[in-house]
Amino acid sequence: MRGLTTLIFSVATAVAAVAVAAVASAPAAQAAPGTPVLRYSFDQATPSDESGHGHALTTRAVRGGSTLAVAHGTGQALRFPKHCSGQKCPRVVLQTASTDELNPGTGPFRYGATVLLPKKQTTKGQNILQKGYSHAGGQYKLQVDGKAGRPSCVLVGTGRHVIHQARSATSVADGSWHSIECHRSGAVLTVTVDGTVRGTAAIPANLSVSNAAPLSVGGKGAYADNDQFQGTLDDLWVARD
Numbered sequence: 110m111r112g113l114t115t116l117i118f119s120v121a122t123a124v125a126a127v128a129v130a131a132v133a134s135a136p137a138a139q140a141a142p143g144t145p146v147l148r149y150s151f152d153q154a155t156p157s158d159e160s161g162h163g164h165a166l167t168t169r170a171v172r173g174g175s176t177l178a179v180a181h182g183t184g185q186a187l188r189f190p191k192h193c194s195g196q197k198c199p200r201v202v203l204q205t206a207s208t209d210e211l212n213p214g215t216g217p218f219r220y221g222a223t224v225l226l227p228k229k230q231t232t233k234g235q236n237i238l239q240k241g242y243s244h245a246g247g248q249y250k251l252q253v254d255g256k257a258g259r260p261s262c263v264l265v266g267t268g269r270h271v272i273h274q275a276r277s278a279t280s281v282a283d284g285s286w287h288s289i290e291c292h293r294s295g296a297v298l299t300v301t302v303d304g305t306v307r308g309t310a311a312i313p314a315n316l317s318v319s320n321a322a323p324l325s326v327g328g329k330g331a332y333a334d335n336d337q338f339q340g341t342l343d344d345l346w347v348a349r350d
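Converting from the sequence shown to the numbering used here requires adding 109 to each position, the first position being numbered 1.
Shown next, in the form of structure tokens:
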């Protein structure tokens, strides 16, 4: 009987250890600091803005581009098309309507997402989220750069064409989940990966971002050279400090 009790205890201990390891390896959902003005968990069949601000997403796609809902933690995430080069590749993005509420102006703000990107899916550049363009009206953007798969945060001021970029010193293209946050505070732009600051950039303290573009998720738009994101995306948000 003592041997049976010992065996049961050993099995229970092993099961508990496995359970703890599984929980430890599962990425925690990224909580948006500050006051969220946009948030998507992608847990619904049709993604809705869980910040309460009503920024609905519309799918824009060409050549059969689509997203696929996949399990992630207790909910789900969105998988974007795999790597494909050429003019006939599927492309897809999700976009909000144009709204001034998502323009931070000169104020402090944050934005981020949780991503999974395999090493073999990296390209010269993949956009996770962006609002605006570098040539007009200013821009803020979160992207994954180059074959190394390093995330970076980008700001371009309204009426200016200088690109300010805070690039992470570490890669996120390893097939695991990573949370990425961009933070603009005064004259500093910071990129944080999994809770650790990985890069900073100096920016003009009066830099302002205000444009009429929609916020675009997964690429610049639904066309060939759109810097298509080619991984899996979850918990995307924008917040004001």
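Backbone N, C-alpha and C fix where the C-beta goes; we use that ideal spot for every residue, glycine too. Remember, predicted model here, so these are calculated numbers, not experimental data.
CB-CB under 7 angstroms to residue i, same chain, minus the five flanking residues each way: which ones, in chain order?
{"i": "Gln185", "result": "Phe151, Asp152, Ala178 and Val179"}
{"i": "Pro142", "result": "Arg219 and Ala348"}
{"i": "Glu210", "result": "Val146 and His162"}
{"i": "Thr168", "result": "Val201 and Leu203"}
{"i": "His270", "result": "Ser243 and His244"}
With 16 other CB atoms within 10 Å as the buried threshold, where does residue i fall?
{"i": "Pro156", "result": "buried"}
{"i": "Ala278", "result": "exposed"}
{"i": "Thr183", "result": "exposed"}
{"i": "Asp334", "result": "exposed"}
{"i": "Ala322", "result": "buried"}
{"i": "Asp343", "result": "buried"}
{"i": "Lys233", "result": "exposed"}
{"i": "Ala154", "result": "exposed"}
Please list, in chain order, all residues of the same chain as residue i whose beta carbon is under 6 angstroms from its beta carbon, the five residues on each side excluded.
{"i": "Pro199", "result": "Arg172, Gly173, Gly174 and Pro190"}
{"i": "Gln239", "result": "Lys250 and Ser325"}
In this structure, how does DSSP classify residue i when only helix, strand and coil are distinguished?
{"i": "Lys240", "result": "strand"}
{"i": "Glu210", "result": "helix"}
{"i": "Gln337", "result": "coil"}
{"i": "Gln230", "result": "helix"}
{"i": "Arg276", "result": "strand"}
Bridge partners of residue i, per DSSP?
{"i": "Lys250", "result": "Gln239 and Val263"}
{"i": "Arg188", "result": "Leu177 and Thr341"}
{"i": "Pro156", "result": "In the DSSP output, where bridge partners are listed per residue, Pro156 has none listed."}
{"i": "Val302", "result": "Ile289 and Thr305"}
{"i": "Val201", "result": "Ala170"}
{"i": "Phe218", "result": "Arg293 and Arg349"}
{"i": "Thr183", "result": "Looking at the DSSP assignment, Thr183 forms no beta bridge with any residue, so it has no partner."}
{"i": "Tyr149", "result": "Leu345"}
{"i": "Ala257", "result": "Bridge partners of Ala257: none, in fact."}
For residue i, collect the residues of the same chain with a Cβ closer than 8 angstroms to its Cβ; drop the 5 residues on either side in sequence, then sort them by chain order.
{"i": "Gly214", "result": "Ser317, Val318 and Ser319"}
{"i": "Glu281", "result": "It should be pointed out that residue 281 corresponds to Val in this sequence rather than to Glu. Correct list, in chain order: Val224, Leu226, Val253, Gly258, Arg259, Pro260, His287, Ile289 and Val302."}
Between residue i and residue j, which are expected to be in contact by the criterion C-beta below 8 angstroms, what is the C-beta distance as a whole number of angstroms?
{"i": "Ala170", "j": "Ala331", "result": "5 angstroms"}
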